[in-house]
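Our numbering numbers the first residue of the sequence shown as 483 and each following residue consecutively.
Using N, Cα and C, we set each Cβ at its ideal position, and we do this for glycine too.
Remember, it's a predicted structure, so these values are computed and weren't measured experimentally.
The structure under discussion appears below in the form of C-alpha cells.
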Amino acid sequence: MTNTGVDKILTEDILPMLPAVAVKILSLEPETEVATLARIASQDPSFSARILRAANSPLYAPMAPIGHIKRAVILLGERQVRSLSLAFSLIPLQCAQLDFARFWEHSLVTAVATRRILRITNPKHAEEGFTAGLLANLGAILLAGAHPREYLGILQGCRDTDFALTTAERAAFGFDHVELGAAAARRWNFPESFQAVIAHHHNLREFDGPENVKSFVHAAYLAGMLADFFHSEQTDKSLVALSQALEHTPGLAGAGLDDLSEGIEDEIRNAAAWLGIRIAIEKPLAEILEAANRRLVALTVEYEKTVQWFYRTYVDRIQPSRSKENDS
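Have a look at this one:
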C-alpha cells in the first residue's frame, strides 16, 4: 500500500533539488562496482571533495592521506558512499523558517553516539552506525523541505504542548516523518540496517528482525535519547529515562552515561567540520550532566522532606486517635 503524499515528496518535491550525481548514486543497484561508483562521484568536483574529506577525517583514520576518489570509495565502502551522498545533498538545504542548524546538531549527536554504542555492542559495524544515526530522522528533513510553512506550525505546536510530533504530522499530511523516511530508504536501496534505524529508532519494540540489525536500531534509539537529553529543558527527567534505558541494554552493563559521553563534543565538532555543518554547542555534555544530577539530588531531598512532613502531619496524628479508640 502506497501513500500518494509520500510518493509526491520523493518523486516531485525533493529529488529535483538533489545534485545529479547524488540522484545517480542513489539509483544504483546495491553492491555496485567501486570503479563505477568512483566514476560517477568524479563527475561532481564538489561531491568528490566531500568524499575525500570524509575518507581523510578522524572518523576513518586512514594510514596515509588519500588523494584519489577511487581509494576513498574503497575505504568508505559502497554502502557508506551511497548514504553519505544523500547526507551531503540534504545538509545544504536551508529554510529561513526552520532551525536546520539545531536539526543537524541533534543528528550529529545521534550519529556519534550510535557509533560509540555499536563499538561496544557490534564493533564490526560501528562505523556504519555513524551514517545510520545521521540519517535516522531523514523523513523530517524531507518533510520540512517539501512543506516548510506547514511543518513550522507543527513544530511550534508540539513545542508548546505534549502532543506527539508524529500524531500532528499524520493529522496534517496523512503520514509522519518516520513513514516518509522509511519509504525514502527503501526507494534508494539503503542497507537493511539503515532502513531499520530510520523506521524504528523512535519505537524499538516494533522492530522484529535479525539480532545484528536490531543492534543498530537499539544503538540509534539510545543515541536519540542522548541527543534529546542534550537539548532538553527538563534534563532531570531525560537523565532518569536514559540511565534506565542504558541499564537494560544488552552488552552495555557497566557502561555508564559518563563513559559513553566523555569527549563526545570533540567528535561532534570533528564530524561537523568535514560534513560542512555549522553547530554551536552551548554547554559541554559533562556540564549538562552535572546540572541534571544536582537537580535530581535536590528533587530527592525535597521528596524526602515531603514524606517526612506527611508523616508528621497525618500519620502521627491518626495513630494516637486510633490507639484511644482501641482502648475504649
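Along the chain, where does the alpha helix (DSSP H) that runs through residue i open and close?
i, result
"Ser571", "Glu560 to Leu572"
"His682", "Glu674 to His682"
"Ala537", "Pro527 to Ala537"
"Gly621", "Leu620 to Ala628"
"Lys606", "It is not in any alpha helix (DSSP H) - Lys606 carries neither H nor E in the DSSP assignment."
"Leu492", "Unbroken run through Leu492: none, as it is neither H nor E."
"Ala543", "Looking at the DSSP string, Ala543 is not in any alpha helix (DSSP H), and its letter there is neither H nor E."
"His659", "His659 to Arg669"
For residue i, name the three-state secondary structure that DSSP assigns.
i, result
"Thr514", "coil"
"Arg760", "coil"
"Gly611", "helix"
"Ala578", "In this predicted model, Ala578 has a pLDDT of only 49, less than 50, meaning its place in the structure is not dependable; the value taken from the coordinates is given anyway. Note: Ala578 maps to coil in three-state DSSP."
"His700", "helix"
"Ile507", "helix"
"Trp586", "helix"
"Ala650", "helix"
"Asn436", "Lying before the first or after the last residue shown, residue 436 is absent from the chain, which here runs from 483 to 810."
"Leu557", "helix"
"Glu632", "helix"
"Glu688", "helix"
"Glu744", "coil"
"Gly487", "helix"
"Gly549", "coil"
"Leu481", "With the chain represented from 483 up to 810, any question about residue 481 goes unanswered, as that position is not in the structure."
"Gly639", "helix"
"Ala523", "helix"
"Glu729", "helix"
Closest to residue i by C-alpha separation, out of the options, would be which residue?
i, options, result
"Phe676", "Leu624, Ile761, Leu616 and Leu519", "Leu616"
"Ile573", "Glu587, Ala520 and Gly663", "Glu587"
"Val660", "Glu560, Asn671 and His684", "His684"
"Val563", "Ala583, Val505, Tyr703 and Ile602", "Val505"
"Leu508", "Glu609, Ile599 and Ala569", "Ala569"
"Leu734", "Arg751, His700 and Tyr542", "His700"
"Glu610", "Thr592, Asn485, Ala653 and Cys640", "Thr592"
"Asn619", "Leu634, Leu662, Phe689 and Gly559", "Leu662"
"Asn604", "His682, Ala628 and Lys696", "Lys696"
"Gly559", "Ala546, Pro547, Gly549 and Thr613", "Thr613"
"Pro527", "Glu513, Thr648, His550 and Pro512", "His550"
"Ala727", "Leu634, Ala653 and Gly706", "Gly706"
"Glu744", "Leu708, Leu647, Thr648 and Thr514", "Leu708"
"Ala753", "Phe689, Arg597 and Leu634", "Arg597"
"Ile524", "Pro512, Ser567, Ala608 and Ala546", "Correcting the residue type first, residue 524 is Ser in the shown sequence and not Ile. Of the candidates Pro512, Ser567, Ala608 and Ala546, the one whose C-alpha sits nearest the C-alpha of Ser524 is Ser567."
"Gly487", "Glu651, Arg631 and Pro512", "Glu651"
"Thr731", "Phe529, Phe712, Asn485 and Phe698", "Phe698"
Taking its Cβ as the centre, do 16 or more other Cβ atoms sit within 10 Å of residue i, making it buried, or is it exposed?
i, result
"Pro673", "buried"
"Glu749", "buried"
"Asn694", "exposed"
"Gly656", "exposed"
"Ala678", "buried"
"Ser565", "buried"
"Lys490", "exposed"
"Ala595", "buried"
"Asp741", "exposed"
"Lys606", "exposed"
"Asp658", "buried"
"Gly639", "exposed"
"Gly758", "exposed"
"Ala646", "exposed"
One question on the structure: do residue i and residue j come within less than 8 Å of each other, judged by their Cβ atoms?
i, j, result
"Ala666", "Leu637", "no"
"Leu557", "Pro544", "yes"
"Trp670", "Arg535", "no"
"Ser571", "Leu500", "yes"
"Lys552", "Ala520", "yes"
"Ile431", "Ala583", "For the chain, the structure presents residues 483 to 810; residue 431 sits outside this window and is missing."
"Ile599", "Leu704", "yes"
"Ile522", "Val503", "yes"
"Ala554", "Ala537", "yes"
"Phe585", "Ala628", "no"
"Ala681", "Ala664", "yes"
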